[in-house]
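K.L.:
Residue numbers (numbering that gives the first Met the number 0), protein chains in the order written: chain X, 0 to 308; chain V, 0 to 308.
Mind looking over this structure? Questions follow.
Number of protein chains: 2
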Amino acid sequence: MSDKDIARTEIGDLGEFGLIDRIKSGITLVNKSSVCGIGDDAAVVPFSSEKYLLLTTDMLVEGVHFTKKMSAKAIGHKAIAASISDVAAMGGIAKYAVISLGVPASCSKQFISALYQGIKKTAKDFHVNVVGGDTVRCHKVIINVALTGEVKKNEVVYRNGARRGDQIFVTGPLGRSLSSGWHLRFVPRITYAKHLVTKYHPTSMIDVSDGLVADLGHILNESRVGAIIEESLIPCRSGARLKNALYDGEDFELLFTLSSSQARKYQDQRNKQFKYYRIGEIVGHRGNLQMKTAKGVLKKINAKGYIHF
Amino acid sequence: MSDKDIARTEIGDLGEFGLIDRIKSGITLVNKSSVCGIGDDAAVVPFSSEKYLLLTTDMLVEGVHFTKKMSAKAIGHKAIAASISDVAAMGGIAKYAVISLGVPASCSKQFISALYQGIKKTAKDFHVNVVGGDTVRCHKVIINVALTGEVKKNEVVYRNGARRGDQIFVTGPLGRSLSSGWHLRFVPRITYAKHLVTKYHPTSMIDVSDGLVADLGHILNESRVGAIIEESLIPCRSGARLKNALYDGEDFELLFTLSSSQARKYQDQRNKQFKYYRIGEIVGHRGNLQMKTAKGVLKKINAKGYIHF
Numbered sequence: 000m001s002d003k004d005i006a007r008t009e010i011g012d013l014g015e016f017g018l019i020d021r022i023k024s025g026i027t028l029v030n031k032s033s034v035c036g037i038g039d040d041a042a043v044v045p046f047s048s049e050k051y052l053l054l055t056t057d058m059l060v061e062g063v064h065f066t067k068k069m070s071a072k073a074i075g076h077k078a079i080a081a082s083i084s085d086v087a088a089m090g091g092i093a094k095y096a097v098i099s100l101g102v103p104a105s106c107s108k109q110f111i112s113a114l115y116q117g118i119k120k121t122a123k124d125f126h127v128n129v130v131g132g133d134t135v136r137c138h139k140v141i142i143n144v145a146l147t148g149e150v151k152k153n154e155v156v157y158r159n160g161a162r163r164g165d166q167i168f169v170t171g172p173l174g175r176s177l178s179s180g181w182h183l184r185f186v187p188r189i190t191y192a193k194h195l196v197t198k199y200h201p202t203s204m205i206d207v208s209d210g211l212v213a214d215l216g217h218i219l220n221e222s223r224v225g226a227i228i229e230e231s232l233i234p235c236r237s238g239a240r241l242k243n244a245l246y247d248g249e250d251f252e253l254l255f256t257l258s259s260s261q262a263r264k265y266q267d268q269r270n271k272q273f274k275y276y277r278i279g280e281i282v283g284h285r286g287n288l289q290m291k292t293a294k295g296v297l298k299k300i301n302a303k304g305y306i307h308f
Numbered sequence: 000m001s002d003k004d005i006a007r008t009e010i011g012d013l014g015e016f017g018l019i020d021r022i023k024s025g026i027t028l029v030n031k032s033s034v035c036g037i038g039d040d041a042a043v044v045p046f047s048s049e050k051y052l053l054l055t056t057d058m059l060v061e062g063v064h065f066t067k068k069m070s071a072k073a074i075g076h077k078a079i080a081a082s083i084s085d086v087a088a089m090g091g092i093a094k095y096a097v098i099s100l101g102v103p104a105s106c107s108k109q110f111i112s113a114l115y116q117g118i119k120k121t122a123k124d125f126h127v128n129v130v131g132g133d134t135v136r137c138h139k140v141i142i143n144v145a146l147t148g149e150v151k152k153n154e155v156v157y158r159n160g161a162r163r164g165d166q167i168f169v170t171g172p173l174g175r176s177l178s179s180g181w182h183l184r185f186v187p188r189i190t191y192a193k194h195l196v197t198k199y200h201p202t203s204m205i206d207v208s209d210g211l212v213a214d215l216g217h218i219l220n221e222s223r224v225g226a227i228i229e230e231s232l233i234p235c236r237s238g239a240r241l242k243n244a245l246y247d248g249e250d251f252e253l254l255f256t257l258s259s260s261q262a263r264k265y266q267d268q269r270n271k272q273f274k275y276y277r278i279g280e281i282v283g284h285r286g287n288l289q290m291k292t293a294k295g296v297l298k299k300i301n302a303k304g305y306i307h308f
């Protein structure tokens, strides 16, 4: 794309993925001390001889991610839980949060108070310390949560490690997160992540925020592989159709891959405290995502998940 | 204030300080492993045996902190430089940044591109790695920079260490930052901070973002002391009056206190690579800020700095 095109084109034409790709491609890391750059669920940087530090940031905007009609406490929960989910997707645990709040002058203190109660409650539940913040005037309510986490070097899981023959799993049913209200009360899968990284060493992991197809697409692109998922295996939330499970997003379940031997180890295990749903298998064709229908027919799946723009 | 009052009152009535105080008072840190809570320029948390980790977050809002008529590159500079200034005010150096961007669908990619160039240039100049981000749709352009830094345990400077007899200094002239455009091109005083913490051990430090009177007020409140500043000693930016220097804000100079012996050591030093302006002295009366006029008269100063709301 020429500079002239860039000047003429509006972001609305490209969608968020285009914009993020553009921003990513423009980034030059200043030195090589960072282990992993922009683009995974959280950034991974040096910390100690045994651990990496994780950094993530998530912005929620009134009218885009929530409305004032929703419970302010639930919005607060969602704001910090989304960041905790990012840390879980790297195999880590969450530690410290700093929170920026944009507030219209007309906003009631009752709303802000309830919002903050929601943040505090979830922070406490997941042993996160809220240690700082910024509060500014804004046209709409904006909540930005920046979170640090820690992960053992031998337990960190990226998006780019899926290999041919790996089995694909999710931690729970998908679809209709927005209409069912799940997006306001979801539980970040930090204990699932801990169980996974200590017992089964996932080869890749991501949280399902943009939708199963889009987020599996991220794993396939980063890992340079393809996948076949099976229609009959996709777990759908109550009331959700297959289409919802594939594209809706904001489920905040973990989507991960296990080597075939680790997958067998999990499936052979009798006492299942944590239930994972196998949904398909990694194949060798880069970026190629296919669905095996109930009748055994293979169909190519379009990569159109939840697009923010 | 009763719950009923809280429900009736709008944030606009209280000003940002009231809102921040309300938010601060509602925070309970989940465990005691954090060294310093909300309220200083950056949060200070455990890192290694020799160092603390610093965390800070700053949100800039279109129409409040900048307009689209300003240079996008300069806005990008301001966004990350404000966070670097927070880390400098703790005596630390900046390390990693994660950046959330709220963008209207109608925003040109040229604007975003220039904004990002400004962020990248300043990040590079100050050895900061931009390692992650979030991009969301928004009604206005919103930029949130969350930054980590590091500080040696024996060099960290809080707001609460000023003692009676300490001398008060600033690193540069104050006032008219907005009208002169300084707020878009200021240099975060990270090298000044390094010089100060290694040579003179400041007893307290803050960056001047809300205005000299407001920010000195923060030091006085946290340190439980008072101060007398001298009209003839306040350095004013070209074109700025005393009133501007006292209340305008967004100067991003460091305001700090040195013990009388360290102040003498600095003033006796001949080869002054770094010029600091002495503006007054800490006295014993808590929270009490007075001005000595050119005629030697003492006047009480009202604590009305730059109020965001």
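From the three backbone atoms N, C-alpha and C, an ideal C-beta is built for every residue, glycine too.
Remember, it's a predicted structure, so these values are computed and weren't measured experimentally.
Are the CB atoms of N243 of chain V and R175 of chain V nearer to each other than 8 angstroms?
P.N.:
Along the second sequence, read from residue 1 onward, the residue named residue 243 of chain V stands at position 244. Along the second sequence, read from residue 1 onward, the residue named residue 175 of chain V stands at position 176. Closer than 8 angstroms, so yes.
K.L.:
Check whether the Cβ atoms of A93 of chain X and L146 of chain X lie closer than 8 angstroms to each other.
P.N.:
Looking up residue 93 of chain X in the first sequence gives position 94. Looking up residue 146 of chain X in the first sequence gives position 147. Taking 8 angstroms as the Cβ cut-off, A93 of chain X and L146 of chain X qualify as a contacting pair.
K.L.:
Let me confirm a value: G238 of chain X is counted as buried when at least 16 other C-beta atoms fall within 10 Å, else exposed. Which label applies?
P.N.:
Here residue 238 of chain X is taken as the residue at index 239 of the first sequence, counted from 1. That one is exposed.
K.L.:
Leaving aside the five residues before and after E309 of chain V along the sequence, list all residues of the same chain whose C-beta is less than 8 angstroms from its C-beta, in chain order.
P.N.:
Nothing about residue 309 of chain V can be reported from this structure: the residues present for chain V run from 0 to 308 only.
K.L.:
In three-state terms, what does DSSP make of F273 of chain X?
P.N.:
Along the first sequence, one-based indexing puts residue 273 of chain X at 274. It is coil, neither helix nor strand.
K.L.:
Okay, do the segment 259-278 of chain V and the segment 163-179 of chain V touch, 3+ Cβ pairs below 8 angstroms being the bar?
P.N.:
Yes, the segment 259-278 of chain V is in contact with the segment 163-179 of chain V.
K.L.:
Quick one: measure Cβ to Cβ for I218 of chain X and I205 of chain X, integer angstroms, because I've assumed they're closer than 8 angstroms.
P.N.:
Locating residue 218 of chain X in the first sequence gives position 219, counting from the first residue. Locating residue 205 of chain X in the first sequence gives position 206, counting from the first residue. Contact holds; Cβ gap of about 6 angstroms.
K.L.:
In terms of alpha-carbon separation, which member of V:M89, V:T55 and V:G286 lies closest to V212 of chain V?
P.N.:
What you label residue 212 of chain V is simply residue 213 of the second sequence in a count that begins at 1. Nearest of V:M89, V:T55 and V:G286 to V212 of chain V, Cα basis: V:G286.
K.L.:
Hey, could you find the ends of the alpha helix (DSSP H) Y265 of chain V is sitting in?
P.N.:
Taking the first residue of the second sequence as position 1, residue 265 of chain V is located at position 266. Note, Y265 of chain V: alpha helix (DSSP H), S259 to D267.
K.L.:
E61 of chain V: buried (16+ other C-beta within 10 angstroms of its C-beta) or exposed?
P.N.:
Sequence index remark: in the second sequence, residue 61 of chain V carries index 62 (1-based). Counting Cβ neighbours within 10 Å, E61 of chain V comes out buried, since at least 16 surround it.
K.L.:
Does the Cβ of N30 of chain X have 16 or more other Cβ atoms within 10 Å, making it buried, or fewer, making it exposed?
P.N.:
To locate residue 30 of chain X, count along the first sequence from 1; it is residue 31. Model confidence at N30 of chain X stands at a pLDDT of 40, short of 50, so the residue's coordinates are unreliable; what they give is reported in the following sentence. N30 of chain X should be labelled exposed.
K.L.:
Could you please give the first and the last residue of the uninterrupted beta strand (DSSP E) stretch that includes S99 of chain V?
P.N.:
Locating residue 99 of chain V in the second sequence gives position 100, where the first residue counts as 1. Counting along the chain, the beta strand (DSSP E) containing S99 of chain V begins and ends at I92 to V102.
K.L.:
What is the rounded straight-line gap between the Cα of V63 of chain X and the Cα of R136 of chain V?
P.N.:
The residue labelled residue 63 of chain X in the question sits at position 64 within the first sequence. The residue labelled residue 136 of chain V in the question sits at position 137 within the second sequence. Rounded to whole angstroms, V63 of chain X to R136 of chain V spans 7 angstroms at the Cα level.
K.L.:
Tell me the rounded alpha-carbon separation between T256 of chain V and V130 of chain X.
P.N.:
Against the second sequence, residue 256 of chain V aligns to sequence position 257. Against the first sequence, residue 130 of chain X aligns to sequence position 131. Rounded to the nearest angstrom, the two C-alpha atoms are 25 angstroms apart.
K.L.:
By DSSP, does T175 of chain X sit in helix, in strand, or in coil?
P.N.:
Taking the first residue of the first sequence as position 1, residue 175 of chain X is located at position 176. In the sequence as presented, Thr is not what sits at residue 175 of chain X; that position holds Arg. Of the three classes helix, strand and coil, the one that applies to R175 of chain X here is coil, per DSSP.
K.L.:
In chain V, which residues lie less than 8 angstroms from H138 of chain X when you measure between Cβ atoms?
P.N.:
On the first sequence, position 139 is the one that residue 138 of chain X refers to. Ordered by position in chain V, the residues that pass the 8 angstroms Cβ test against H138 of chain X are V60, G62, H138 and K139.
K.L.:
Does T66 of chain X pass the burial test, meaning 16 or more other C-beta atoms within 10 Å, or should it be called exposed?
P.N.:
Position 67 of the first sequence, counting from 1, holds the residue named residue 66 of chain X. So T66 of chain X counts as exposed.
K.L.:
So which residues of chain X does D206 of chain V contact, with C-beta pairs closer than 9 angstroms?
P.N.:
The count along the second sequence starts at 1 and reaches residue 206 of chain V at position 207. Chain X residues near D206 of chain V: none, gap ~13 angstroms exceeds 9 angstroms.
K.L.:
Would you mind listing the alpha helix (DSSP H) stretches within the segment 139-208 of chain X that are 4+ residues and don't spill past its ends, in chain order?
P.N.:
Fully enclosed alpha helix (DSSP H) runs of 4 or longer: 176-179, 181-184 and 189-198.
K.L.:
Curious, which full-length beta strand (DSSP E) runs of at least 3 residues does the segment 31-78 of chain X contain?
P.N.:
You should have 42-45 and 50-60.
K.L.:
Please determine, among V:G248, V:N220 and V:I189, the residue with the shortest C-alpha to C-alpha distance to G210 of chain V.
P.N.:
Your numbering for residue 210 of chain V matches position 211 in the second sequence. Checked all of V:G248, V:N220 and V:I189; the closest Cα to G210 of chain V is V:G248.
K.L.:
Can you tell which of X:T202, X:K108 and X:W181 has its C-alpha closest to the C-alpha of S260 of chain X?
P.N.:
In the first sequence, counting from the first residue as 1, residue 260 of chain X sits at position 261. S260 of chain X has its Cα closest to that of X:T202, out of X:T202, X:K108 and X:W181.
K.L.:
Going by C-alpha to C-alpha distance, which of V:N220, V:T56, V:R223 and V:S208 sits closest to F251 of chain V?
P.N.:
Walking along the second sequence from the start, residue 251 of chain V turns up at place 252. Checked all of V:N220, V:T56, V:R223 and V:S208; the closest Cα to F251 of chain V is V:S208.
K.L.:
At the level of alpha carbons, what is the spacing between P187 of chain X and A81 of chain X?
P.N.:
Your numbering for residue 187 of chain X matches position 188 in the first sequence. Your numbering for residue 81 of chain X matches position 82 in the first sequence. Taking the straight line joining both Cα atoms gives about 7 angstroms.
K.L.:
Mapping the DSSP letters down to three states, classify V212 of chain X as helix, strand or coil.
P.N.:
Residue 212 of chain X sits at position 213 when you count from the first residue of the first sequence. If DSSP states are grouped into helix, strand and coil, V212 of chain X belongs with the helices.
K.L.:
In the segment 88-103 of chain V, which residues sit with their C-beta less than 9 angstroms from some C-beta in chain X, listed in chain order?
P.N.:
Taking 9 angstroms as the Cβ-Cβ cut-off against chain X, the residues of the segment 88-103 of chain V that qualify are K94, Y95, A96, V97, I98, S99, L100, G101, V102 and P103.
K.L.:
Between A262 of chain V and the rest of its own chain, which residues show a CB-CB distance below 6 angstroms, the 5 nearest in sequence each way excluded?
P.N.:
Along the second sequence, one-based indexing puts residue 262 of chain V at 263. Answer for A262 of chain V: Q166, listed in chain order.
K.L.:
Kindly indicate if chain X contains any beta-carbon less than 8 angstroms away from that of N159 of chain V.
P.N.:
For the purposes of this step, residue 159 of chain V is taken as residue 160 along the second sequence, with counting starting at 1. Closer than 8 angstroms: no.
K.L.:
Roughly how many angstroms separate the alpha carbons of I111 of chain V and R162 of chain V, rounded to a whole number?
P.N.:
Start at 1 with the first residue of the second sequence, and residue 111 of chain V comes out as number 112. Start at 1 with the first residue of the second sequence, and residue 162 of chain V comes out as number 163. Going from the Cα of I111 of chain V to the Cα of R162 of chain V covers about 46 angstroms.
K.L.:
Using beta-carbon positions only, say whether I141 of chain V and G101 of chain X come within less than 8 angstroms of one another.
P.N.:
Along the second sequence, read from residue 1 onward, the residue named residue 141 of chain V stands at position 142. Along the first sequence, read from residue 1 onward, the residue named residue 101 of chain X stands at position 102. Yes, these two residues count as a Cβ contact at 8 angstroms.
K.L.:
Using a cut-off of 9 angstroms between C-beta atoms, extract the partners of V150 of chain V located in chain X.
P.N.:
Taking the first residue of the second sequence as 1, we reach residue 150 of chain V at position 151. Neighbours of V150 of chain V on chain X: none; closest Cβ ~14 angstroms, over 9 angstroms.
K.L.:
Kindly list the residues whose CB is nearer than 7 angstroms to the CB of H200 of chain V, restricted to its own chain and excluding five residues on each side of it in sequence; keep chain order.
P.N.:
For the purposes of this step, residue 200 of chain V is identified with residue 201 of the second sequence, where counting begins at 1. Excluding sequence neighbours, H200 of chain V sits near Q261.
K.L.:
Check this for me: beta carbons of N128 of chain X and S99 of chain X, under 8 angstroms apart or not?
P.N.:
Within the first sequence, the letter at position 129 stands for residue 128 of chain X. Within the first sequence, the letter at position 100 stands for residue 99 of chain X. Cβ distance not < 8 angstroms, so N128 of chain X and S99 of chain X don't count as in contact.
K.L.:
At what residues does the alpha helix (DSSP H) containing K123 of chain X begin and finish?
P.N.:
Position 124 of the first sequence holds residue 123 of chain X. Its alpha helix (DSSP H) spans residues K108 to D124.
K.L.:
Near P172 of chain V, which residues of its chain fall below 7 angstroms by C-beta distance, leaving aside the five closest residues on each side in sequence?
P.N.:
Here residue 172 of chain V refers to the residue found at position 173 when the second sequence is read from its first residue. Counting only Cβ-Cβ distances below 7 angstroms, and skipping sequence neighbours, we find P234, C235 and R236.
K.L.:
Is it buried or exposed for A73 of chain V, if we count other Cβ within 10 angstroms and need 16 for buried?
P.N.:
Counting from 1 along the second sequence, the entry for residue 73 of chain V is found at position 74. A73 of chain V should be labelled buried.
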